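Chains as they are written, first to last, in the numbering used here: chain Y, 494 to 834; chain E, 4 to 326.
Beta carbons: idealized from backbone N, C-alpha and C, even for Gly.
Bear in mind the structure is a predicted one, so any value in this text is a computation, not a measurement.
Structure (structure tokens):
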């Protein structure tokens, strides 16, 4: 059984302009110790999905339905006190912007100790010892001294390490990382990813890696979910997704990955803007931007259907033959070896 | 830190000169004859001339200003009132506590109302509580202190007899200047002025607190705290409050400094013998030394409170360095 199983999750926001359907029936699963990559552009609903899972949306304007079963219990029906026992203890969360995600007027040590003391019945001294130990584990030099520093005395990469330490300090079974490297520069990104990989092995935890960067998914994830317009449009094992992407949006994502061996001088780009979630296009949400759009795409939402590989599903009205033909043509334009990896 | 204090000191000196010179210039432009006022109604032209010479009013303005400066440097004196002939320093020393009672007591009143109300309306935007407090805010901002004071004095003091209509009692017993004294009488007489201040300032502060709490609650680190499993109460107390009070401290320091210099309206309505009261009297009598003295005192008060605010800010927010 999966550690986290999300079924038909729907999240809507009531705004002054109308109801925004941020997530429209998302189902996905995370296995124990595995890594799920969740890919999509801004506004695809990937962050909102997991904020809904954690119950972190403001109930005054957000409605969440569906089910989120974590270790056999539905988190959406839990009492607030039960939910608090899961948050931070069994599911840790890392956010996108390390510059704003730490409280600026509290010492790093205090914030780490708070995470321990909220869930474990230990003394403050013991919590502090745990905090220092954890800072060492995320490779912060001179952890004994730096534990008394304030967030503004740390660089962006170091702050993200602190965030990771805070998410992992209670040995959670699952860590949800919401674009943990987006705000960092490239060398720091690589370090943070390597660190998370190492910690995953040591702590034997599952990771949900929310990102818009397929490179991160390729490096870290076992399974992958591609989201568009609040829906899952393709899901597969990472190897299957890269070997045989099945729908035009995924083709676009893969085509816009920069690579050294690019034949043409320009990166392929997906034209147009992400869909409005207030007034989504009818039929397939991707149809206004799709170069292979057909009449049926404007009328009917394509169902998730199975591909050849097990657990590989996608949404597209194009028939198998056409998709195969387009994929071969697209691949020829790119470097085939890169894709096979 | 030393560089910070030295810069502040220069700034204070600059403000001192700016404020006093402007006061002298304005006084010079006003068509009043302080010598005539000081000499009394039945004085002859000869008397007025003698008084003018005695008060150094017969020399050019820049010389008068120089005499004022010299008295401060040589004697540490702000001069003598034209009217009562008492030292200005003594007068200010006697009346400043009245104004301080009014302003600090008022600040306690308006803060203890506006912080809880502001937080509650931030937690439940658009609720009945929020709408009621916003209505109150609107009244407080629109109403004039004179009107608020007079209405309070009339209704609570005159009609209901709950409080004195006006007047002041010393905090410390045994003073001869006024008839009554002691903390209880002091507070009893100050309640209406404090409430006037409260209505006036709480309006602004409820809005300020509400806006800051709402803004802080949408910060990323508040979401982080929730994701750690902290309860709403803990999130509020440990993560929201301190951060959202930072701007309030700044505004509070400025308001107290400004209010100390002259709570003119409130003191006039409730006949409190404070600096605002003095200022009006001095202005009517053309009492330049007293006016200048109060201006100097107000300047020092504003500078001091800005300094206190800066230090408090550095204590509350570790990101701030005093340089």
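Own chain partners of residue i with C-beta closer than 6 angstroms, once the 5 adjacent residues on each side are dropped
i, result
"residue 834 of chain Y", "In this prediction, residue 834 of chain Y has a pLDDT of 44, which is less than 50 and means its spatial position is unreliable; what the coordinates show is noted afterwards. None."
"residue 308 of chain E", "256, 259, 260"
"residue 161 of chain E", "168"
Proximal residues to residue i (C-beta, below 7 angstroms), its chain only, five neighbours per side dropped
i, result
"residue 267 of chain E", "279, 282, 283"
"residue 546 of chain Y", "499, 561, 568"
"residue 534 of chain Y", "705, 767"
"residue 517 of chain Y", "503, 723, 724"
Run of the beta strand (DSSP E) containing residue i, from where it starts to where it stops
i, result
"residue 532 of chain Y", "528–532"
"residue 650 of chain Y", "Unbroken run through residue 650 of chain Y is the alpha helix (DSSP H), 649–661; no beta strand (DSSP E)."
"residue 675 of chain Y", "Counting along the chain, residue 675 of chain Y falls outside any beta strand (DSSP E), and DSSP gives it neither H nor E."
"residue 501 of chain Y", "497–508"
"residue 556 of chain Y", "555–563"
"residue 763 of chain Y", "No beta strand (DSSP E) contains residue 763 of chain Y, which DSSP labels as neither H nor E."
Rounded C-alpha distance that separates residue i from residue j
i, j, result
"residue 18 of chain E", "residue 69 of chain E", "17 angstroms"
"residue 341 of chain E", "residue 699 of chain Y", "What the structure shows of chain E is the stretch from 4 to 326, and residue 341 of chain E is not part of that stretch, so it cannot be assessed."
"residue 132 of chain E", "residue 110 of chain E", "23 angstroms"
"residue 812 of chain Y", "residue 767 of chain Y", "25 angstroms"
"residue 36 of chain E", "residue 60 of chain E", "9 angstroms"
"residue 137 of chain E", "residue 578 of chain Y", "37 angstroms"
"residue 740 of chain Y", "residue 503 of chain Y", "23 angstroms"
"residue 102 of chain E", "residue 112 of chain E", "15 angstroms"
"residue 302 of chain E", "residue 272 of chain E", "24 angstroms"
"residue 566 of chain Y", "residue 816 of chain Y", "40 angstroms"
"residue 832 of chain Y", "residue 710 of chain Y", "Unreliable placement is indicated for residue 832 of chain Y, whose pLDDT of 49 sits below 50; no coordinate value is reported for it."
"residue 628 of chain Y", "residue 658 of chain Y", "6 angstroms"
"residue 211 of chain E", "residue 143 of chain E", "14 angstroms"
Min CB distance residue i to chain E below 8 angstroms
i, result
"residue 510 of chain Y", "no"
"residue 649 of chain Y", "no"
"residue 545 of chain Y", "no"
"residue 834 of chain Y", "Per-residue confidence for residue 834 of chain Y stands at a pLDDT of 44, beneath the threshold of 50, marking its modelled position as unreliable; the derived number appears in the next sentence. No, its Cβ sits nowhere closer than 8 angstroms to a Cβ of chain E."
"residue 630 of chain Y", "no"
"residue 597 of chain Y", "yes"
"residue 462 of chain Y", "In this structure chain Y extends from 494 to 834, so residue 462 of chain Y is not present and cannot be described."
"residue 672 of chain Y", "no"
"residue 563 of chain Y", "no"
"residue 549 of chain Y", "yes"
"residue 829 of chain Y", "Here the model assigns residue 829 of chain Y a pLDDT of 49, short of 50, so the residue's position is not dependable and the matter cannot be decided."
"residue 590 of chain Y", "yes"
"residue 784 of chain Y", "no"
"residue 594 of chain Y", "yes"
"residue 538 of chain Y", "no"
"residue 643 of chain Y", "yes"
Endpoints, the alpha helix (DSSP H) within which residue i is located
i, result
"residue 718 of chain Y", "Taken as a continuous stretch (DSSP letters only), residue 718 of chain Y belongs to no alpha helix (DSSP H), being part of the beta strand (DSSP E) at 716–721."
"residue 308 of chain E", "291–319"
"residue 587 of chain Y", "Per DSSP, residue 587 of chain Y belongs to no alpha helix (DSSP H); it is in the beta strand (DSSP E), 584–587."
"residue 730 of chain Y", "Per DSSP, residue 730 of chain Y belongs to no alpha helix (DSSP H); it is in the beta strand (DSSP E), 724–730."
Neighbourhood of residue i by C-beta, 8 angstroms cutoff - its chain only, sequence neighbours within 5 removed
i, result
"residue 306 of chain E", "11, 14, 15, 18, 260"
"residue 594 of chain Y", "588, 652, 656"
"residue 641 of chain Y", "600, 601, 602"
"residue 615 of chain Y", "609, 623"
"residue 310 of chain E", "11"
Minimum Cβ-Cβ distance from residue i to chain Y less than 8 angstroms
i, result
"residue 224 of chain E", "yes"
"residue 232 of chain E", "yes"
"residue 219 of chain E", "no"
"residue 215 of chain E", "no"
"residue 246 of chain E", "yes"
"residue 322 of chain E", "yes"
"residue 319 of chain E", "yes"
"residue 242 of chain E", "yes"
"residue 11 of chain E", "no"
"residue 253 of chain E", "no"
"residue 122 of chain E", "no"
"residue 229 of chain E", "yes"
C-beta contact flag for residue i and residue j at 8 angstroms
i, j, result
"residue 611 of chain Y", "residue 232 of chain E", "yes"
"residue 269 of chain E", "residue 196 of chain E", "yes"
"residue 793 of chain Y", "residue 776 of chain Y", "yes"
"residue 624 of chain Y", "residue 650 of chain Y", "no"
"residue 668 of chain Y", "residue 585 of chain Y", "yes"
"residue 694 of chain Y", "residue 717 of chain Y", "no"
"residue 94 of chain E", "residue 84 of chain E", "yes"
"residue 663 of chain Y", "residue 224 of chain E", "no"
"residue 672 of chain Y", "residue 633 of chain Y", "no"
"residue 690 of chain Y", "residue 748 of chain Y", "no"
Distance cut-off 7 angstroms: residue i Cβ against heavy atoms of the ligand FMN
i, result
"residue 600 of chain Y", "In terms of ligand content, the structure shown is empty, and the ligand FMN therefore cannot be addressed."
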